[in-house]
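Its first residue numbered 1, the sequence shown is counted upward by one per residue in the UniProt record's numbering. Encoded as structure tokens, the structure appears first; notes follow it.
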Amino acid sequence: GGGGGGGEGVELLFTYDYGMDGGGTAAPPAQGGFLALRPSAAAFAALCAVVRGGDFRKGQGWAGSLIGPYWGGMTIQGLVPYYYLRVEPTGRAAREVDRCIYNNMADNARCRATPLADIANVHFTVCHKPWICLAHHEYDLCSRLHDRWFALRARLERRLGLPPPPRGPRFAKLGRGGCAHGGPKGYVPVAIADA
Numbered sequence: 001g002g003g004g005g006g007g008e009g010v011e012l013l014f015t016y017d018y019g020m021d022g023g024g025t026a027a028p029p030a031q032g033g034f035l036a037l038r039p040s041a042a043a044f045a046a047l048c049a050v051v052r053g054g055d056f057r058k059g060q061g062w063a064g065s066l067i068g069p070y071w072g073g074m075t076i077q078g079l080v081p082y083y084y085l086r087v088e089p090t091g092r093a094a095r096e097v098d099r100c101i102y103n104n105m106a107d108n109a110r111c112r113a114t115p116l117a118d119i120a121n122v123h124f125t126v127c128h129k130p131w132i133c134l135a136h137h138e139y140d141l142c143s144r145l146h147d148r149w150f151a152l153r154a155r156l157e158r159r160l161g162l163p164p165p166p167r168g169p170r171f172a173k174l175g176r177g178g179c180a181h182g183g184p185k186g187y188v189p190v191a192i193a194d195a
């Protein structure tokens, strides 16, 4: 779903998390990993009023609307679709953006086929965090995203005048030296404290 950027009167740019919607709901959850939110003072007050009102019903979501009976539904993942679909349903204030461009999780075939150059930001969940130092990935896009992350890390180290991390023979390619070995304990932190 969703298109491009903002526009006049747009308060929220978001992506839905279709994979977290178990069905039987009035709207899927907003993906809490990507929200660009700048509500008007009135919208902020109304959002706060919804939360303070506390009308969240187990199995039924906000005010029994069937928006929110899922993981994170009591919080931003359910509150955002409830507010912008039921409380302020004009459609002007919120805009769904392409989740393969913004917040790409590599969680479906279309997103995994998105060219790396087209991806604006990434949500490392399916691909796991780069600093977990996995030697193999199920999806090629995950390997390319991790390579890009470690390239950005290397650029930062060069910009700060830091030496590159040591490269162990077995993991020389993995993490461009940011991983001494596989697994989270293999990550070599950026040596900022030593600079």
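The beta-carbon is built from N, C-alpha and C at its ideal position, and this holds for glycine as well.
Per DSSP, F150 lies in no beta strand (DSSP E); the unbroken alpha helix (DSSP H) holding it starts and ends at D140 to R159.
If you draw a straight line from the Cα of D118 to the Cα of N104, it is about 10 Å long. Distance from the CA atom of A36 to the CA atom of L12, rounded to whole angstroms, is 6 Å. Linking A191 to R158 through their CA atoms gives a straight-line distance of about 11 Å. Cβ neighbours of P39 within its own chain (closer than 6 Å, five residues either side excluded): E11. For L79, the uninterrupted alpha helix (DSSP H) run begins and ends at I76 to Y82, by DSSP.
By alpha-carbon distance to N108, the top candidate from Y139, A135 and P166 is Y139. Annotation for G178: F150, R153, P165, Y187 and V188 place their beta carbon closer than 7 Å to its own, counting only its chain and skipping 5 residues before and after.
Burial state of T25 is buried, judged by a 10 Å Cβ sphere holding 16 or more other Cβ atoms. Distance between M74 and H123, taken at the CA atoms: about 21 Å. Here the alpha carbon of G68 sits roughly 45 Å from the alpha carbon of L160. Following the DSSP letters along the chain, one finds L35 inside the beta strand (DSSP E) bounded by residues A30 to L37.
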